[in-house]
Amino acid sequence: MSEFGYVIGFIFFIFLMVVLRIMISICFVVPLPSGHQPRFGHQEPNGAVPQHSINNIEIGLDEATLRNYPKLIYAQAKLHKGNSVSSCCSICLGDYKDTDVLRLLPDCGHLFHLKCVDSWLRLHATCPLCRKSPLEEVASSTRVSSQDS
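Residue numbers (the UniProt record's numbering): 1 to 149.
As structure tokens, this is what we get:
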């Protein structure tokens with residue numbers, strides 16, 4: 001009976017080795033779907049940055065552009081916009097106080113704490129709430145004016 005146990009164990013071991021070999025060959029032979037890159041060990045020739053990395057880089061706004069966006073006190077915003085003005089910053093979720101300095105994004109009209117939105121806009125050139133980008137409008141107006149000439 002013990003000899004039968006050894007035979008079953010040996011057959012099971014061989015079966016596991018065959019399954020393991022098949023799995024390893026599938027992992028290294030089957031190509032990844034297009035657009036997918038392996039996590040580790042993928043490098044472009046000559047140390048170049050992969051193209052998909054270049055397309056995903058966001059560029060924020062410069063300081064001159066930020067300074068041109070209007071600032072106002074929350075109490076002033078309530079007077080001008082009435083009940084339509086938000087009572088809290090959508091970035092930090094903190095309630096506005098009447099003395100808080102806010103930044104108005106001219107393209108969409110959204111208001112945020114000055115420090116919150118300036119930090120955001122240095123990294124991303126879009127409104128944190130609606131994602132409207134002033135850079136897209138500048139680029140499209142530049143394209144239109146260059147086509148007119």
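For glycine and all other residues, C-beta sits at the position ideal for the given N, C-alpha and C.
In angstroms with no decimal places, state the Cα-to-Cα distance between residue i and residue j.
{"i": "residue 25", "j": "residue 16", "result": "14 Å"}
{"i": "residue 19", "j": "residue 13", "result": "10 Å"}
{"i": "residue 141", "j": "residue 79", "result": "Residue confidence for residue 141 is low, a pLDDT of 42 falling below 50, so the modelled location carries little weight; the figure read from the coordinates is stated next. Taking the straight line joining both Cα atoms gives about 33 Å."}
{"i": "residue 63", "j": "residue 96", "result": "24 Å"}
{"i": "residue 129", "j": "residue 110", "result": "8 Å"}
{"i": "residue 89", "j": "residue 72", "result": "14 Å"}
{"i": "residue 98", "j": "residue 105", "result": "19 Å"}
{"i": "residue 83", "j": "residue 76", "result": "12 Å"}
{"i": "residue 11", "j": "residue 4", "result": "11 Å"}
{"i": "residue 107", "j": "residue 27", "result": "49 Å"}
{"i": "residue 132", "j": "residue 121", "result": "12 Å"}
{"i": "residue 60", "j": "residue 92", "result": "19 Å"}
What does residue i pair with, by DSSP beta-bridge criteria?
{"i": "residue 22", "result": "In DSSP, residue 22 forms no bridge with anything."}
{"i": "residue 79", "result": "Note: residue 79 sits in no beta bridge, so no partner."}
Where does the unbroken beta strand (DSSP E) through residue i begin, and where does it stop?
{"i": "residue 101", "result": "101–104"}
{"i": "residue 71", "result": "71–73"}
I'd like the span of the alpha helix (DSSP H) that includes residue i, first residue to last.
{"i": "residue 66", "result": "63–68"}
Uninterrupted alpha helix (DSSP H) stretches inside the UniProt domain "RING-type" (89–131) (no shorter than 4 residues): Fully enclosed alpha helix (DSSP H) runs of 4 or longer: 114–123.
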